[in-house]
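250 is the number that the numbering used here gives to position 14 of the sequence shown; each next residue is one higher, with no gaps.
Ideal Cβ placement from N, Cα and C applies to all residues, glycine included.
Data block below; observations after.
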Amino acid sequence: MSQYHFDQTPMRKALLEALPSNDQTTVAPTRPPQFTYVPPSHARALDPDNTIVEGIRGSGKSHWWAALNSEQHREYLAAVFPESRITNNLKISQGFGVGLGPKAAPGKDTLVKLTEENHPRHIWQAVIAVHTGFSKPFPHLPGQWSVMVNWVKENPEAYDNLLDDVDSQFAEQNNISLILFDGLDRLANDWPAIRPLARSLFQLALDMRACKAIRLKLFVRSDMLDDRDILAFPDSSKLLARKVPLNWRRVDLYALLFQCLANAENNGESFRFQCERLFFQSWTQDEKTKSWQIPQSMRTDEELQRKIFHAITGEWMGNGPKRGAPYTWLPNHLIDGRDQVSPRSFVAALRYAVENEQPHKDVWPFALHYRAIQAGVQEASRIRVDEITREDYPWVEACMQPLRSKITVPCEPGDIIKLWQQNDTINKLQMACEEKEVRLPPPSIEEGEQGILKDLAELGVIQLLTDERIQMPDVYRIAFGLGRRGGVKPLR
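Rendered as C-alpha cells:
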C-alpha cells in the first residue's frame with residue numbers, strides 16, 4: 237500500500253470540483269481559464285503561424301478553437317504560458333465550427349446550396365472577407381452568403397485588391413487577423429461532399445500564408461489528413477510540413493489533472509497543502525489571473541507524479557503488484573490504435589470513478605478504489621464508442637456488431653472477415669452507402685473487407701500488428717464486447 241495518502245473526503249470533493257461532468261463542443265469555453273493546461277507540444281499548436289493542428293477526437297481541438305476566441309482565456313495564456321505566443325495584437329474570429337450562427341459562417345445546408353452554384357474556394361474567400369472586414373464594393377451582408385459568394389466569383393480582381401488593402405492595414409497596425417476553423421467533418425453529410433470543401437479550404441490556407449498579417453488556423457482530425465483526395469493540390473506537402481499534432485503524453489495528462497485539482501474552488505487548497513506537506517511542492521499564484529500554477533517538477537517528473545497519484549488511488553490495481561500500478565494502468569487502458577490517449581477519455585474515466593464508487597473508508601483509505609478506476613475505464617470506453625458510432629462514423633457499429641462476444645484479440649484478419657461474410661456485413665454496408673443511408677461512409681469500402689480493415693486501422697479502432705494479427709485497444713474493445721485474455725471485462 238502506498239506510503240502516503242490524501243484525506244479521502246476532501247480529495248473526493250476536489251476531484252468532483254476539478255473534473256468536468258461533460259465536454260460538449262461550444263463556441264465559447266465552458267470552464268474558467270485556470271482549468272486550462274498547455275502541454276509543451278500544444279504551445280506550437282497555438283502559435284498563430286502554424287496553420288494545421290491535428291488531433292484525435294477528444295484531444296483538445298475544439299477546446300483550443302473556443303479558448304483562442306475568448307479574450308479572458310487569451311489573457312490567461314499570454315500571462316501563464318508565454319511560449320504559446322498569444323499576444324494582444326491578435327484579432328481572432330471563428331470562420332467555421334459547431335454552434336456558430338449563420339452570420340459568422342455558412343451552415344451545412346447553406347454550403348450544399350452554395351456548392352451547387354459556386355466553386356468551394358469562392359465560399360471560403362467570402363468567409364475571409366467577412367472576418368477581415370473588407371470594405372466596399374464587397375457587399376458586407378451578414379448571413380446573405382449567396383450574395384457575398386457570388387460577388388467574390390464575379391469580381392476576382394477587386395477581391396485581390398481588397399485583400400491586399402486589409403492585409404496592409406493589419407500589418408501597419410502591427411496586428412494579425414487569425415481566423416479559426418474547426419469541425420470540418422461537419423461540412424457535409426458524406427465524404428464526396430466534404431472533400432472539395434475541405435480541399436479548397438486547405439489550399440486557401442496555404443495561399444494565405446503569402447499575406448503579411450492574415451492567417452488561417454485549421455483544427456483537423458487525423459483521418460481527414462489521411463485522405464489523399466483532400467490533399468490533392470499543388471504544394472500540399474508544404475502545408476503538412478508545418479502541422480502540429482495535439483499529442484498528450486502520460487505526464488501531460490497527469491499535469492492537467494493536478495492543475496485542475498489545485499484550482500478546485502473549495503477543496504483545491506487542501507490538495508495544494510497536501511502536495512506541499514507530503515511531497516514538498518510549492519505552488520505559486522499568478523497575480524494577474526489569480527490561478528494556481530502547477531510546479532515544474534509536477535509537470536515533468538513521472539516518479540513524482542506517480543507518488544502523488546498513488547496517494548489518491550493506492551499503489552496497485554488490486555491487492556498486489558500483479559495487475560499493475562494505477563499511474564500506468566489507467567492511460568494504458570485508454571490508448572487507441574494510434575498510440576494516443578485523449579484527455580477527454582482520461583477525465584471521463586476519473587469522473588465516473590469518483591461519482592460511482594462508494595467510499596471504502598474502513599478498508600481503503602484512499603479517495604479512489606481500484607475497482608472504481610476499472611469501472612471508469614469501462615465508462616470511458618462506452619463514451620468513446622458512442623461518439624464514434626453515433627456521431628462520427630455509424631458504419632463502424634455495423635462492422636463491430638457481428639464480432640461482439642465472438643472474437644478474442646489479438647486475432648487473425650480471417651477470423652473477422654469470416655464473421656463479416658457470414659453476416660453479409662460488407663454487402664449490406666455497400667448497399668446502404670449507395671442509397672446514401674450512411675453518413676461519412678468508409679473511404680475504402682470499394683476494396684471490400686480489406687478496405688474496411690484499413691479504414692478501421694486509420695481511425696485507431698484496430699491495430700495491425702507486425703505478425704499480421706489484429707489487436708483492438710481496450711478503449712474500444714471493452715464497449716464493442718470483444719474479449720482479451722487478462723483484460724478488463726467487455727461490456728455485454
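Contact check for Q517 against F469 fails: the beta carbons are separated by 7 Å or more.
For L442, the closest alpha carbon among the candidates R478, V456, Y490, V487 is that of R478.
DSSP, read as helix, strand or coil, puts G650 in helix. When DSSP states are grouped into helix, strand and coil, E290 belongs to the strand group. Residue burial is scored here from C-beta neighbours: T525 has at least 16 other C-beta atoms within 10 angstroms and is therefore classed as buried. Counting along the chain, R478 sits inside no alpha helix (DSSP H), nor does DSSP assign it H or E at all. Just measuring C-alpha positions, the residue of Y490, P428, F716 sitting nearest R618 is F716. K339 counts as exposed, since fewer than 16 other beta carbons sit within 10 angstroms of its beta carbon. Between the region 391-399 and the region 422-434, the count of Cβ pairs shorter than 8 Å is below three; the stretches do not touch. A buried status is given to L566, since no fewer than 16 other beta-carbon atoms sit within 10 Å of its beta-carbon. Contact between W300 and L282 holds, since their C-beta atoms are separated by about 6 Å, short of 8 Å. Buried is the label assigned to G296, since at least 16 other Cβ atoms lie within 10 Å of its Cβ. Beta-bridge annotation (DSSP): S413 is paired with K327, I450. Nearest C-alpha to T661 among I681, A634, C669: A634.
Counting only the Cα atoms, A589 lies some 6 Å from A611. By the criterion of a C-beta distance shorter than 6 Å, E615 is surrounded in its chain by Y588, once the five residues flanking it on both sides are discounted. A distance below 8 Å between beta-carbons, with the five flanking residues on each side excluded, links R457 to the following residues of its chain, in chain order: E290, G291, I292, R293, K297, L420, D421. Cβ atoms of Q699 and G573 come within 8 Å of each other, at about 4 Å. Annotation for D401: the continuous alpha helix (DSSP H) segment containing it runs 392-408. The alpha carbon of R640 has as its nearest neighbour, out of W381, N659, I288, T272, the alpha carbon of N659. Residue nearest to R486 within the set P275, T266, R620, P265 is P275 (criterion: CA-CA distance).
For F242 against I530, the beta-carbon gap comes to about 16 Å, at or over 8 Å, which does not count as contact. In this structure, the alpha-carbon of A254 lies about 9 Å from that of F494. Of Y563, D396, P638, the smallest CA-CA separation from D488 is found for Y563. In this structure the region 301-314 does not lie against the region 339-358, because fewer than three pairs of beta carbons, one per stretch, are closer than 8 Å. CA-to-CA, the gap between R435 and E501 works out to about 45 Å.
Residue pairing of R457 in beta bridges, as defined by DSSP: G291. Annotation: L454 to L414 spans about 10 Å, alpha carbon to alpha carbon.
Within the model, the alpha-carbon separation for W484 versus R280 is close to 13 Å. Unbroken alpha helix (DSSP H) runs of no fewer than 4 residues, entirely contained in the region 311-364, are found at 344-353, following chain order. Between the C-alpha atoms of R705 and G650 there is a straight-line separation of about 9 Å. By the neighbour-count criterion, in which a residue is buried when 16 or more other Cβ atoms sit within 10 angstroms of its Cβ, R626 is exposed. In the assembly as shown, M667 is an exposed residue. Its beta-carbon has fewer than 16 other beta-carbons within 10 Å. Within 10 angstroms of the beta-carbon of Q521 lie fewer than 16 other beta-carbons, which makes it exposed.
Shown here, I609 sits in a helix according to DSSP, grouped into three states. Of S472, M708, L326, the smallest CA-CA separation from Q409 is found for L326.
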